[in-house]
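Chains as they are written, first to last, in the working numbering: chain A, 1 to 293; chain B, 1 to 288.
Glycine included, each C-beta is placed from N, C-alpha and C at the ideal position.
Note that the structure is predicted; figures quoted are calculated from it, not measured.
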Amino acid sequence: MSALDLTGSSLRRRRVVNRGMELLAWLAAAIGVAILGIVVWSVAKKGSSELNLNLITKTPVPFALGPVKQGLANAFAGSLVIVGIATLMALPVGILVAVYLNEFAPPAIRNGVGIVLDVLNGIPAIVIGIFVFGLFVVGRGQSAFAGSFALACLMLPLVARATLEVLALVPNSLREASLALGVPRWRTTLSIVLPQTIGGVVTGTTLAVARVAGETAPLLFTSSIVGNQVNWDPHHALQTIPVAIFELSESPDPADHARAWAAAFVLLMFILVASLGARWLATRSRRKLQRAG
Amino acid sequence: MTKEDDTVSSTIETALRLETQRQPVGPHERLEQVFDIENMDALYGTKPALKGVTMPIYKNLVTAIIGPSGCGKSTFIRCLNRMNDLIPSFRMTGSIRYHGQEISGKDVDPVAIRRTIGMVFQRPNPFPKSIYENVAWGLRVLGMKDNLDDRVERALTQAALWDEVKDRLKASGLSLSGGQQQRLCIARAIAVQPGVVLMDEPASALDPIATQAIEQLMHELKSEYSFVIVTHNMQQAARVADMTAFFSISTGEEGQRWGELIEYDDTTKIFTAPSDKKTEDYVTGRFG
Chain A
1 MSALDLTGSS LRRRRVVNRG MELLAWLAAA IGVAILGIVV WSVAKKGSSE LNLNLITKTP
61 VPFALGPVKQ GLANAFAGSL VIVGIATLMA LPVGILVAVY LNEFAPPAIR NGVGIVLDVL
121 NGIPAIVIGI FVFGLFVVGR GQSAFAGSFA LACLMLPLVA RATLEVLALV PNSLREASLA
181 LGVPRWRTTL SIVLPQTIGG VVTGTTLAVA RVAGETAPLL FTSSIVGNQV NWDPHHALQT
241 IPVAIFELSE SPDPADHARA WAAAFVLLMF ILVASLGARW LATRSRRKLQ RAG
Chain B
1 MTKEDDTVSS TIETALRLET QRQPVGPHER LEQVFDIENM DALYGTKPAL KGVTMPIYKN
61 LVTAIIGPSG CGKSTFIRCL NRMNDLIPSF RMTGSIRYHG QEISGKDVDP VAIRRTIGMV
121 FQRPNPFPKS IYENVAWGLR VLGMKDNLDD RVERALTQAA LWDEVKDRLK ASGLSLSGGQ
181 QQRLCIARAI AVQPGVVLMD EPASALDPIA TQAIEQLMHE LKSEYSFVIV THNMQQAARV
241 ADMTAFFSIS TGEEGQRWGE LIEYDDTTKI FTAPSDKKTE DYVTGRFG
């Protein structure tokens, strides 16, 4: 028997298995990319007839006879208001939760609340919707505020988790440097630790915004009985893009369908750009932190 | 002679000068104490780190803490400014008095203690701020806002860094070399005018020239501050310290290990005529 068998059948079999596995992995990756490609392409194609400036500048004209210039300006405005207020609600609370957990809480509480955050993150959006419906909408009617609150509940764990992750990256030596000067803990956190996390917080917030901008279910309960005019007042229920897409999809008019596709395309592009921007910010801030460490 | 030879010979010269500059400490009874440590035990959880440490630390001297790895040197020095409070499982018993005042109790605010007892760490840890802000920030936060520029300049001068950075005070503290960063940290610590500066192996991450600069400045500043320095490097202790404490590891019956103070005396005595066999073994390089 030779010492080095380069032609044996077992070796050939191994090489074939290796090739096969590589191919499968490649295929899986290709499927992932292909699904995104097909979705974007088909959404763009079906919405192309309505994909123009009217979409964001004109309001809907119900029961239009003949070709009328119309769009979904009210939905874009409403989405902006509702997601904006949700961000204002979730951002400070999320950051404070993370700061408390990472800088002040004893380990037992940190782990416990960490699990609670994960559970909150896993609650289906429709359940949050029903919860907020029972809390704010019953007896008072729908409002953009109620919608914002529902979305903020969804954003909170995302923002808190993202902030926690960057806080853990801030080197302890920086905290020690400040504390050893006789600077109180809160001041150290505010002036030395938190400025290091801005990049990560912005990233986490961007991802959270991208996630809730497409949420439909909670808004059906809280902000869906709406007018067709552009309205910026959060005391009223406001139209939003996802709810508009849902409603238009049930319309008998093919032009409405095209408009829903076009709105979906805009939403998709927004999420894509926001995610890419967040990624870019994240790598930049991580590199900065590593230099500091 | 090349430039390098110059630096090397000046290093040797300074080292020699440091050796000869040292004044004999004199009778200990006549020295003023900054710290009086009595029967101190330190534990992490249930694991003892230090047992029964009793020693005074004198004013306007450099006191070196030497000993093998794991003998509790860092634990000891971090008790002096309550940095160990940051470790949840840490506990300490016994007493540490600073100018006669007990500072180890739960009712004593560690923030107030750290304000008067400064610390320089093993690895340089400047803030990710400008050189100027690294020194000025602490001053501002602690309310020493008058003559800020003068205070910053004075601290940087004392830390022997002013000439190298005076033209680029706005540059990031992180843009400096390791040795410069460490001197910046020293400037930051002394700017707030502490009574004592604790140094936890301040030169272990630095090259010999930067090390020498730091030893030199300790020597020059000890008339204003008292220094306690933990070091792995016995030559360094011999060069800079007036008093030296040797810590070693003791092993219990069940194999548990803790640090203990073995001998504490004038540096000259520790290195030339130690009274304990363990000290002698350590300083002559037979152990550790």
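What residue range is occupied by the uninterrupted beta strand (DSSP E) comprising residue i?
i	result
B/Thr54	Lys47 to Tyr58
B/Ile37	Gln33 to Tyr44
B/Met199	Val196 to Asp200
B/Ala171	Careful: B/Ala171 lies outside any beta strand (DSSP E) and carries neither H nor E.
B/Ile66	Val62 to Ile66
Residue j and residue i - do their beta-carbons sit closer together than 9 Å?
i	j	result
B/Val120	B/Cys185	yes
A/Phe221	A/Val43	no
A/Gly182	B/Val152	no
B/Thr54	B/Glu29	no
B/Pro124	B/Gln182	yes
B/Ile249	B/Gly70	yes
A/Pro252	A/Ile128	no
A/Ala237	A/Gln142	yes
B/Asn81	A/Ala180	yes
A/Ala105	A/Val116	no
A/Ala258	A/Ile245	no
B/Tyr132	B/Thr116	no
B/Phe227	B/Thr46	no
A/Gly47	A/Thr59	no
A/Arg185	A/Glu103	yes
B/Pro48	B/Gln256	yes
B/Phe271	B/Met234	yes
Thinking C-alpha only, which one of the options is nearest residue i?
i	options	result
B/Leu31	B/Ala155, B/Lys278, B/Arg168 and B/Lys59	B/Lys59
B/Met92	B/Val283, B/Cys79 and B/Gly100	B/Cys79
A/Leu267	A/Ala105, A/Lys69, A/Leu80 and A/Val61	A/Leu80
A/Ala278	A/Leu207, A/Leu96 and A/Asp256	A/Leu207
B/Pro27	B/Gly45, B/Asp242 and B/Thr279	B/Asp242
A/Ile85	A/Ala213, A/Pro254, A/Ala125 and A/Pro62	A/Ala213
A/Leu91	A/His257, A/Pro195, A/Ala162 and A/Ala263	A/Ala162
A/Leu151	A/Ile82, A/Phe136 and A/Ala108	A/Ile82
A/Asn52	A/Gly20, A/Ala260 and A/Arg14	A/Ala260
A/Glu176	B/Ala64, B/Tyr98, B/Gln122 and B/Glu260	B/Gln122
A/Arg211	A/Ala274, A/Val61, A/Ala263 and A/Asn172	A/Ala274
A/Leu158	A/Ser191, A/Gly147, A/Asp118 and A/Pro67	A/Asp118
B/Leu198	B/Ser74, B/Val25 and B/Gln33	B/Ser74
A/Arg298	A/Ile38, A/Gly200, A/Tyr100 and A/Glu165	Within the shown structure, residues of chain A are numbered from 1 to 293, placing residue 298 of chain A beyond reach of any answer.
B/Val34	B/Ala203, B/Glu224 and B/Ala49	B/Glu224
B/Glu280	B/Met40, B/Pro48 and B/Ile66	B/Ile66
B/Ala292	B/Val108, B/Gln101, B/Ala136 and B/Glu220	Coverage of chain B is limited to positions 1 through 288, which leaves residue 292 of chain B absent and any answer about it impossible.
A/Val93	A/Phe149, A/Asn54 and A/Ile38	A/Phe149
A/Phe133	A/Ala160, A/Ser224 and A/Ser178	A/Ser224
A/Leu154	A/Asn172, A/Glu165 and A/Asn121	A/Asn121
A/Val202	A/Val166, A/Asp233, A/Gly147 and A/Ser191	A/Val166
A/His235	A/Ile241, A/Val226, A/Pro242 and A/Glu247	A/Val226
At a cut-off of 8 Å, is residue i close to the ligand GDP when judged by its beta-carbon and the heavy atoms of the ligand?
i	result
A/Arg12	Within the structure as shown, the ligand GDP is missing, as the structure has no ligands at all.
State the start and end residues of the unbroken alpha helix (DSSP H) segment that holds residue i.
i	result
A/Ala210	Ile198 to Ala213
A/Val43	Ser9 to Gly47
B/Tyr98	First-last for B/Tyr98: Phe90 to Tyr98, but that is the beta strand (DSSP E), not the alpha helix (DSSP H).
A/Val132	Ala125 to Val132
B/Val165	Trp162 to Val165
A/Ala75	Ala73 to Val99
A/Val243	Ile241 to Ser249
B/Ala159	Where B/Ala159 is concerned, there is no enclosing alpha helix (DSSP H), given that its DSSP letter is neither H nor E.
A/Ile109	Pro107 to Gly122
B/Gly26	Unbroken run through B/Gly26: none, as it is neither H nor E.
B/Ser74	Lys73 to Leu80
A/Ala217	Ala217 to Thr222
B/Asp281	Lys277 to Val283
B/Arg30	Here B/Arg30 belongs to no alpha helix (DSSP H), and DSSP marks it neither H nor E.
Can you list the residues of chain D that residue i reaches, using a CB-CB cut of under 9 Å?
i	result
A/Gln196	The chain labelled as chain D is not found among the protein chains of the depicted structure, namely A and B.
3 or more residues per run - each beta strand (DSSP E) lying fully within the segment 204-273 of chain B:
226-230, 243-251 and 257-266
Residues in the segment 242-258 of chain B having any Cβ partner in chain A nearer than 9 Å
none
Jot down the residue ranges of each uninterrupted beta strand (DSSP E) in the segment 103-135 of chain B, minimum 3 residues, whole runs only, in chain order.
117-120
Identify each residue in the segment 168-192 of chain A for which the Cβ-Cβ distance to at least one residue of chain B is less than 7 Å, and report them in chain order.
Ser173, Leu174, Glu176, Ala177, Leu179, Ala180, Leu181, Gly182, Val183, Pro184, Arg187 and Ile192
Residues, ordered as in the chain, of the segment 82-97 of chain B that lie near chain A by beta-carbon distance below 8 Å:
Met83, Leu86 and Pro88
Please list, in chain order, the residues of the segment 219-232 of chain B that have any C-beta partner in chain A closer than 8 Å.
Near chain A, meaning a CB-to-CB distance below 8 Å, no residue of the segment 219-232 of chain B qualifies.
When Cβ atoms are compared, which residues of the segment 124-147 of chain B fall closer than 8 Å to chain A?
Listed by position along the chain: Asn125, Pro126, Phe127, Pro128, Trp137, Gly138, Val141 and Leu142.
Check each residue of the segment 112-124 of chain B: if its Cβ is closer than 8 Å to any Cβ of chain A, include it; give the result in chain order.
Ala112, Ile113, Arg114, Arg115, Thr116, Gly118, Met119, Phe121 and Arg123
Give me the subset of the segment 191-202 of chain B whose CB atoms are less than 7 Å from a CB atom of chain A, sorted by chain position.
Taking 7 Å as the upper bound on Cβ-Cβ separation, chain A lies near residues Val192 of the segment 191-202 of chain B.
What residues in the segment 87-114 of chain A have a beta carbon less than 8 Å from any beta carbon of chain B?
Pro106 and Pro107
Along the chain, which unbroken stretches of the alpha helix (DSSP H) at least 4 residues long are found entirely within the segment 148-206 of chain A?
Note on the segment 148-206 of chain A: whole alpha helix (DSSP H) runs with a minimum of 4 residues are 172-180 and 185-188, in chain order.
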